[in-house]
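In UniProt numbering, the protein residues as written are 1 to 273.
Structure, rendered in structure tokens:
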């Protein structure tokens, strides 16, 4: 009589590999700390320069234009008028410029599977946005303490202006992060384009004073809308009817979506270039 084989126990299924909880948050936090130590240094000198740069620009504009004009286009304070134009522009330019170098800056870390290009973009954006908000708070607070401005601040409008400036910088910066690596000459083209953009963003004047048909062309500069919204938040009598928040949102979101799509498709190739 033959022996029946013993019944075999079913083999346990291998448990699926799971990433550690909050892996993305940890990666972003680590990238932010790395950025703080390398970009701004371990001493407050790096952050001091971030404050001195806009202060020097505003002081120069105030000194020059106060000699030739009795009063600014809005209000009574030259310093406040130029600050409400220059600070949003510098926020956009700084954040978009930093994001454009994301792949080059984090190339060595992006070879690890748990660090993605989205982590690197978010880390750079969060750190530089927080830095710019702190700089703006210090500069505007200093102007309010040192000068007679007679402004009436609308907190919600000011927050919307900062939000749009940050979102536009994120969108354009994401697009630039792809273009800068894919086409190295693009970095030079962007640097050249930013020079006239400084003059065409209504920092020194208000949009309402631009004659036709030039105002129709300048209107397509999204920074004009952000600066106008910012000044509306400080000068209650300035309505700025030309400001279109949906237009800025469309420009920011379209550029960000296109940039993310291209980065997702080609990021491995870009890291090998």
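We put the beta carbon where it would ideally sit given N, CA and C, even for glycine.
Check	Outcome
Three-state secondary structure assigned by DSSP to residue 1	Residue placement at residue 1 cannot be trusted, given a pLDDT of 49 that sits under 50; what the coordinates show is reported in the next sentence. Coil at residue 1, not helix or strand.
Touch test, the segment 137-144 against the segment 114-122, Cβ-Cβ under 8 Å, three pairs minimum	no
Which listed residue (135, 76, 74) has its alpha carbon closest to that of residue 87	135
Cβ-Cβ distance between residue 74 and residue 160 below 8 Å	no
C-beta contact flag for residue 127 and residue 32 at 8 Å	yes
Residue 119 - DSSP class collapsed to helix/strand/coil	helix
Three-state class that DSSP yields for residue 270 in the structure shown	helix
C-beta contact flag for residue 91 and residue 30 at 8 Å	no
Length of the line joining the Cα atoms of residue 137 and residue 83	11 Å
Close-in-space but distant-in-sequence residues of the same chain around residue 39 (CB under 6 Å, 5 per side omitted)	none
Buried or exposed by the 16-neighbour rule on C-beta atoms within 10 Å, applied to residue 110	buried
Neighbour-count burial assignment, residue 98, 16 or more Cβ in a 10 Å radius	buried
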